[in-house]
Amino acid sequence: MPYRPPLVPYETFVADPPDLPVRAPGEEGADDVVRARVTTTDPHGVTLAVTCASGRVLVARVEAAGDGIVRVRLADDLSVRGRSVRALALTRPRPHPAEVTVDDAYARVDAGGVVAEIRLDPWGLRFLAADGRLLLAGDGGTRDISGRRRTLPLGRSTVDGEPVAWHESFVAPGDERFVGFGEKFTPLDKRGQRPLMWNFDAFGGESDRSHKNVPFYLSDRGYGVLVDSGLPVQFDVCASTHSSVQILVPDDLLDYYVLAGPTPAEVLDRLDALTGRPYLPPRWAFGAWISSGFFPDSQQRVRERARLIRERDIPCDVLHLDCYWQVAGRWSELRWDEQAFPEPAGMLKDLAEQGFRVCLWMNPYLMTDSPLYAEAEVAGYFLRRPDGTTYVADTWHGSYPVCAIVDLTNPAAVRWFQGLLRPLLAQGVAVFKTDFAEGVPADAVAHNGMTGVELHNVYALLFNDVVADVTEEAAGHRTVWARSSYLGGQRHSAQWSGDVNATWPGMASTLRGGLSHGLSGVPFWSHDTGGFHGTPEPELYVRWTQFGALSPLVRLHGTTSRLPWDFPPEAERHAVAALRLRYRLLPYLWSAAVAAARTGAPMMRALLVDTPQDPTAWATDLQYRLGVDLLVAPVLDPSGQRAVYLPAGDDWLDAATGERHAGGRHLRVDVPIDRLPLYVRHGALVPVVAAAPTVAEGPFRDVTLVAWGGTDGVAVVHDPDGDTTITATCDGDTLRVRVDGPLDVRRVSVVGADAPRRVVLDGEAVPVTPFEPWFGDGHRHAGGAPI
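Here the sequence shown is numbered in our numbering, starting from 715 and rising by one per residue.
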């Protein structure tokens, strides 16, 4: 039972995880590996017979699973796989050549970037970089002065003779930092925390409860660790003891990978090699999504929203209709409320002619009041209880009727469910918001025999796969707007942070969640701009919209209106200005998105991604780089003030004033409401276009190149249709720019006090285009003082 402070309500959920047993004082039951002998070797690795303290003999396998990737397994039988694999495989390892050496005392498996070194007797396992540097080492187990265990080394624990969890521990140097584990709303460095890999409804997005868990972490020592299991894996990251990371896996085997770096980007690239590359959303998805909000809606209101958006010149590509496009109390039967939406096909056609795509809310639960419930229940399309009856669960936490959960392990149920979506796509719906999917109860039973514990985490992947498949079939793309996910979920773009609170602290925790998720291999992330629960005060709405506009994807959504004109005129003006800035930056954002899909490195980048050698970057979690060249520091309280850290290794220019600052230091800034702290890397070449109502089809045209600092620089603008390399060379008072590739660069603007006065573009002298300020009127900046 978790510790609960007195008088503070403890949130429970229909799908809470089963707890591992608590070891009583003096109680044993942990069976540690003590020695091993090599039984076979092959070109990929070694197989070992390992003896535990009890005398039990298990089998272990250490092998290369890719360049710079070592896989370690421990089991009774190596033919076994994790219990969630009955639904789908989470990793895709491939045999990889390794240099394998064995002598009387050691076995070594060299996978290129990482070497596993096994001491046979007594047992020891450590991992080295290619240059011999120690990356991480197994913790052999520690006890306190009374003899009680403080760590659980490689082995397995039993209770009453029954196995309950495998475990492994690694020594953690006192200054080592750890990031990742999915979308966690806690501080970025997870040292001192206990991440649990169990998808929750996160209830506000301000705790360690997460909709999207990824059993993976990344260390500032230049490696990553991935656990291949869909069950509730527990990580004790220097919480029980400051000197050890412990991993508990309640599965049929222990199966983990060590991924070499040395940089975070290289680790993430190897993570993708195991779990799949991110899916690149269509270009229009990077425009603004504006929602109906979570309150009653109608066809008339949708048309009026569309009219006002275009009339008020608010950039927007997607209109999202939340729950109330369906009949209230009958969610989610995936049929229009015919009274509120009498002519949906005509409405969709008219909206398309105005440049809007439409997204519809859905989830994989069906309320029992729906007319569809009886036929689906008889057909066996829902998860069941152990006694065979349909599992009806309080997935809405008492606020709406109970629901049955579609059994997506049942092929017939999948066909039925997709059959409900096809008519909507045929009418012209472009994309679905795949909400919830964290609600599989631990004691449920699925069609394929899986228990709820085995299915719970991977259910989110099944749900998003099912919707993405039918969307691709009808609409030609696989984008879903997903709330829950798990390992490998980067194939589902996009993902958003769930029902965050519309408060200043809520915005800060949301940012932390996005950075954490990006460091777990998921580059296309968003959040409810303005916050979901509650009504943001006007200043918070503006600041959150500025943050949203400079996020990988942006959607305005909440329990009350987030429409700009429903806020005071000044707030509307500043919020819309932020969206227009996003549309001007679309060539840059699209390039960053294409690069992220190719590499797995996030668009919204914790500072450590690009400057891992900078210790401060590993501790900075309330600002980020957007792509490589922009540094964004959202304002997080009403004062308009905040501290900003400029990463070491580059100088940075204030996007509002052009003022130059050296990297590797903090600034105290004070910014007015019409802008947020935004800095551009000195030497960056940023392509921009004129703001437009929608994202243009096809290649970007009539591009202006902004040369920040007017100095030597190289930029690669990525595009699936062909990359463009831009080279700038400063030659006295002339900046010579060469464009190699299809990007249609017409003009060059130069920012900086010492910038060249002349520009030669592809051999032809062109006028220097005056810089159009990215914010306001380019003055009234009161900050920038070093701390």
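In this text, a Cβ means the ideal position worked out from N, Cα and C, and glycines have one as well.
Quick caveat: nothing in here was measured; it's all calculated off a predicted structure.
Subject >> Beta-carbon spacing of GLU1152, PHE914 below 8 Å >> reply: yes
**OP:** Drop a sphere of 10 angstroms on the beta-carbon of LEU994, count the other beta-carbons inside from all chains shown, and report buried for 16 or more, exposed for fewer.
**Re:** buried
Original post:
Between the stretch 786-800 and the stretch 846-863, do at least 3 Cβ pairs fall closer than 8 Å?
Top reply: no
**OP:** Would you mind stating whether ALA1196 and GLN1209 have Cβ atoms separated by less than 8 Å?
**Re:** yes
Original post:
Contact between the stretch 1273-1285 and the stretch 998-1007: three or more CB pairs below 8 Å?
Top reply: yes
Subject >> Status (buried if at least 16 other CB within 10 Å, exposed otherwise) for PRO1470 >> reply: buried
Subject >> Cβ neighbours of PRO1484 in the same chain (closer than 6 Å, five flanking residues each side left out) >> reply: none
Original post:
Does the stretch 816-833 come close enough to the stretch 798-807 to have 3 or more Cβ pairs within less than 8 Å?
Top reply: no
Original post:
In this structure, does DSSP put GLU882 in helix, strand or coil?
Top reply: strand
Subject >> Nearest-angstrom Cα separation, counted from TYR1200 out to ASP1328 >> reply: 30 Å
Original post:
Could you give the distance in angstroms between the alpha-carbon of ASP746 and the alpha-carbon of LEU848?
Top reply: 23 Å
Original post:
Which word fits PRO978, buried or exposed, when buried means at least 16 other C-beta atoms lie within 10 angstroms of its C-beta?
Top reply: buried
Original post:
Using the C-alpha atoms, what's the distance from GLU882 back to ALA1289?
Top reply: 49 Å
**OP:** Identify which residue in VAL1116, ALA1309, LEU1176, ASP1149 has its Cα closest to the Cα of LEU1122.
**Re:** LEU1176
Subject >> Reduced DSSP category for GLN1209 - H, G, I as helix; E, B as strand; rest coil >> reply: strand
**OP:** Identify the continuous alpha helix (DSSP H) that holds ARG1312 and give its terminal residues.
**Re:** 1300-1313
**OP:** With DSSP collapsed to three states, give me the class of PRO1401.
**Re:** strand
Original post:
Can you find a C-beta in chain B that's less than 8 Å from the C-beta of ALA1421?
Top reply: This model lacks chain B altogether, as it is built from one protein chain only.
Original post:
Helix, strand or coil: which one does DSSP assign to GLN1260?
Top reply: helix
Original post:
Looking only at C-alpha atoms, which of GLY869, ARG1287, ASP1435 sits nearest to VAL771?
Top reply: GLY869
Subject >> Contiguous beta strand (DSSP E) assignments of at least 3 residues, all confined to the stretch 1409-1444 >> reply: 1417-1422, 1427-1431
**OP:** Return the chain-ordered ranges of every beta strand (DSSP E) run that is complete within the stretch 1095-1123 and spans a minimum of 3 residues.
**Re:** 1117-1119
Original post:
Is it right to say ASP1341 is buried, meaning 16 or more other beta carbons lie within 10 angstroms of its own, or is it exposed?
Top reply: Here the sequence assigns Gly to residue 1341, which means Asp is not the residue at that position. Buried: at least 16 other Cβ atoms inside 10 Å.
Subject >> Candidates ALA1144, GLU1047, ASP1051: closest to THR1082 by CA position >> reply: GLU1047
Original post:
Is DSSP giving ARG1450 helix, strand or coil here?
Top reply: strand
Subject >> Among SER1230, PRO1456, PRO1487, nearest to ALA1333 - alpha-carbon criterion >> reply: SER1230
Original post:
I think VAL1194 touches VAL1181, with their Cβ atoms under 8 Å apart; what is that distance to the nearest whole Å?
Top reply: 5 Å
Original post:
Between the beta-carbon of ASP1242 and the beta-carbon of VAL1214, is there less than 8 Å?
Top reply: yes
Original post:
With distances taken from CA atoms, which of ASP934, PRO735, VAL1402 is nearest PRO976?
Top reply: ASP934
**OP:** Indicate the three-state DSSP secondary structure (helix, strand or coil) for TRP1366 in the structure shown.
**Re:** strand
Original post:
For CYS1037, does the three-state DSSP call read helix, strand or coil?
Top reply: helix
Subject >> Distance, VAL1402 Cα to VAL1437 Cα >> reply: Position check: residue 1437 holds Asp in this sequence, whereas Val was assumed. Cα to Cα, ASP1437 sits roughly 16 Å from VAL1402.
**OP:** Give the C-beta separation of ALA680 and ALA1156 to the nearest angstrom, bearing in mind that I take them to be a contact with Cβ-Cβ under 8 Å.
**Re:** Absent from the structure is residue 680, since the part of the chain shown begins at 715 and ends at 1501.
**OP:** If I'm right that VAL828 touches GLY782 with Cβ under 8 Å, what's the distance once you round it to whole angstroms?
**Re:** 5 Å
**OP:** Output the boundary residues of the alpha helix (DSSP H) element that contains LEU1175.
**Re:** 1173-1189
Subject >> Residues bridged to LYS1147 [DSSP beta-bridge criterion] >> reply: TRP1075, TRP1195
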